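Have a look at the structure below, then the notes.
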Amino acid sequence: MELLAFGKTGWGDELFYATLMTIAVSITAMLVGFFFALIFTPLKLSKYKTLNLIGNFYTTVIRGVPELLVIYLFFFGGSGAIMYVASIFGYYEYIEINAFITGSMAIGIISGAYSTEVFRGAIQSIDRGQFEAAKVLGINKIGQFYKIILPQMLRLAIPNLSNVWQITLKDTSLISVTGLVEIMRQSYIAAGSTRDPLFFYSFAAVLYLLLTYISMKLINKLEVKYSRGY
Amino acid sequence: MDFDLMINSFPKLLGATVVTLKLLSASLFFGLFLGLFFAILRLNKNIFINKFAYGYSYIFRGTPLLVQIFIIYFGLGQIEYLRTTFLWVILKEPYWCAIIAFTLNTGAYTSEILRSAFQTIKPGIIEAGKSLGISNKIIFYKIQIPIAIRQSLPAYGNEIILMMKGTSLASTVTLMDLTGVAKYIISTTFKPIEVFIVAGGIYLFMTFIIHNVIKYLEKKYSFQQ
Chain F
674 MELLAFGKTG WGDELFYATL MTIAVSITAM LVGFFFALIF TPLKLSKYKT
724 LNLIGNFYTT VIRGVPELLV IYLFFFGGSG AIMYVASIFG YYEYIEINAF
774 ITGSMAIGII SGAYSTEVFR GAIQSIDRGQ FEAAKVLGIN KIGQFYKIIL
824 PQMLRLAIPN LSNVWQITLK DTSLISVTGL VEIMRQSYIA AGSTRDPLFF
874 YSFAAVLYLL LTYISMKLIN KLEVKYSRGY
Chain B
4 MDFDLMINSF PKLLGATVVT LKLLSASLFF GLFLGLFFAI LRLNKNIFIN
54 KFAYGYSYIF RGTPLLVQIF IIYFGLGQIE YLRTTFLWVI LKEPYWCAII
104 AFTLNTGAYT SEILRSAFQT IKPGIIEAGK SLGISNKIIF YKIQIPIAIR
154 QSLPAYGNEI ILMMKGTSLA STVTLMDLTG VAKYIISTTF KPIEVFIVAG
204 GIYLFMTFII HNVIKYLEKK YSFQQ
């Protein structure tokens, strides 16, 4: 137990901050994912073939390629891409992006592909009459999507979004390969310096279980709240 | 774009794909049996057996695969007793550790898929079997299992694809699978985009094949025929 003590002797405080880091990365990634989903969902549902193709390309590629490979792409290619963009604007210094941003972008793009699929399914299960009513009232396309479809869709999407959240939370463990000190990385460091990998990795597993358990409870509450009227 | 690098790295990556496929097929094979075993335990009326099976699937579905691999590869080696048994022959190899971790992981998901498939079988079908005087054992093997397999095909297809992506984690325990070799090439050439396109393309191709095979099987075993 003294291995988990807070302060200089144990790893308690380090693991506590690492857990906060995991939560922070997961939430950031989830929000980045929503941002991507809000762009790509309309594309996937669009009447135009080209827009459809772009939307499908995004979800198919990201969901068909291992998360680790996407993270490596961002980790090794991220600063190069930023520097390339910067060089267009005449800035040639070396730019290093921190691991938090790289990690949450990579996981966010992955999470976005799953969210897009969830949103698409939810929109398709909304009654057609809602679209028609909005059209009759003369609301334009953008207004239709953001004011009428989106609020109804969110309720239908919550159960599946909770799955996406679980996937995102577990995927953050992969960012440890880039050196960001979250639960997995911290356990790796602790295991290395105490030569007690069994204890620290098992403890990491317990932390992840706690996180998934607590978030499930919270999401269930949210689900009850939003389906009150039904 | 460095097309030469893409062409040169293709054979290396293709060779590594064999490792990925070996890991995938071994863990799916063992995982299917494990999943079936735990699905049957889940349907057991005994509350302890039931809870045990639920606990197994809850733990393996609630923690990242990376943690599971690390516990098995780095963690188990720490137990002195284990080093003296014959198990150590298996556990000192990263290849077998990865397969054990993948099997346990996919087994947990498979047990959930099969359990829900068993539960959606209409009681009338089992009753019909009973009224024909078929024994419980044969009802289970000849009626329930084939129907459950058909029911779970779409979900199991997704699980195969998820597992294929999961095998990329083998690269974290020194195995040179497709992702492992891709990372090696990226870190020696610093050309992430080119390597990503080739390696990602191979993964997408495998996803495409799995997807279509499952679709074909679904059609072949659909109830309409």
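Quick note, the sequences are listed as chains F and B, same order. Each number in my numbering corresponds to the 1-based position in the first sequence with 673 added. Each number in my numbering corresponds to the 1-based position in the second sequence with 3 added. For glycine and all other residues, C-beta sits at the position ideal for the given N, C-alpha and C. These figures come from a predicted structure and were not determined experimentally.
| field | Enclosing alpha helix (DSSP H) for ASN215 (chain B) [first to last residue] | value | Unbroken alpha helix (DSSP H) run through ASN215 (chain B): 195-223.
| query | Taking 7 Å as the CB-CB limit, is LEU726 (chain F) close to chain B? | reply | False, the Cβ-Cβ gap to chain B never drops below 7 Å.
| Pairwise C-alpha distance: GLN797 (chain F) and GLY80 (chain B) | The straight-line gap from Cα to Cα measures roughly 51 Å.
| Taking Cβ positions only, does SER12 (chain B) come closer than 7 Å to chain F? | Closer than 7 Å: no.
| query | Whole alpha helix (DSSP H) runs in the stretch 89-137 of chain B with 4 or more residues, listed along the chain? | reply | Complete alpha helix (DSSP H) runs here, min 4: 90-94, 97-123 and 126-134.
| message | Rounded to the nearest angstrom, what separates GLN228 (chain B) and TYR899 (chain F) at their Cα positions? | response | For GLN228 (chain B), the pLDDT reaches just 47, beneath the cut-off of 50, and the residue's location in the model is therefore unreliable, although a value from the coordinates is still provided. Those two C-alpha atoms are separated by around 42 Å.
| task | Report the option in B:ILE128, B:THR88 and B:GLY78 whose CA atom is closest to the CA atom of ALA104 (chain B). | result | Among B:ILE128, B:THR88 and B:GLY78, the Cα nearest to that of ALA104 (chain B) is on B:GLY78.
| query | Can you list, in chain order, the residues of the stretch 169-201 of chain B whose Cβ is nearer than 9 Å to any Cβ on chain F? | reply | GLY169, THR170, SER171, LEU172, SER174, THR175, LEU181, THR182, ALA185, LYS186, ILE189, SER190, PHE193, LYS194, PRO195, ILE196, VAL198 and PHE199: these are the residues of the stretch 169-201 of chain B whose beta carbon lies less than 9 Å from some beta carbon of chain F, given in chain order.
| request: Could you check which residue in F:GLU855, F:GLY685, F:PHE707 and F:ASP686 has the C-alpha nearest to that of LEU827 (chain F)? | output: The shortest C-alpha to C-alpha distance from LEU827 (chain F) to any of F:GLU855, F:GLY685, F:PHE707 and F:ASP686 is the one to F:PHE707.
| request: Flag TYR159 (chain B) as yes if its beta-carbon sits less than 7 Å from any beta-carbon of chain F, otherwise no. | output: The C-beta of TYR159 (chain B) comes no closer than 7 Å to any C-beta of chain F.
| request: Compare the C-beta of ALA779 (chain F) against all C-beta atoms of chain B and say whether one is closer than 7 Å. | output: Closer than 7 Å: no.
| query | Applying the criterion that 16 or more other CB atoms from any shown protein chain within 10 Å of the CB defines a buried residue, is ILE815 (chain F) buried or exposed? | reply | An exposed status is given to ILE815 (chain F), since fewer than 16 other beta-carbon atoms sit within 10 Å of its beta-carbon.
| task | Classify GLN147 (chain B) as buried or exposed, calling it buried when 16 or more other Cβ atoms lie within 10 Å of its own Cβ. | result | A residue is called buried once 16 or more other Cβ atoms fall within 10 Å of its Cβ, and GLN147 (chain B) is buried on that count.
| query | Within the 7 Å Cβ cut-off, does GLY110 (chain B) reach chain F? | reply | No - not a single Cβ of chain F is within 7 Å of the one on GLY110 (chain B).
| request: Compile a chain-ordered list of the residues in the stretch 742-776 of chain F whose CB is closer than 7 Å to at least one CB of chain B. | output: Correct list: LEU742, TYR745, LEU746, PHE749 and GLY750.
| request: Can you tell me the Cβ-Cβ gap for ARG45 (chain B) and ALA56 (chain B), rounded? I've got them flagged as a contact below 8 Å. | output: ARG45 (chain B) to ALA56 (chain B), Cβ: 5 Å. Contact.
| task | Please list the residues of the stretch 38-69 of chain B that have a C-beta atom closer than 7 Å to any C-beta atom in chain F, keeping them in chain order. | result | Identification of residues in the stretch 38-69 of chain B having a C-beta nearer than 7 Å to some C-beta of chain F yields ILE62, GLY65, THR66, PRO67 and LEU69, given in sequence order.
| query | Considering only the beta carbon of each residue, do TYR874 (chain F) and ILE74 (chain B) sit closer than 7 Å? | reply | Between TYR874 (chain F) and ILE74 (chain B), the C-beta gap is smaller than 7 Å, which places the two residues in contact.
| Interface residues of chain B around VAL854 (chain F) at Cβ under 9 Å? | Here the premise fails: no neighbours, minimum Cβ distance about 15 Å.
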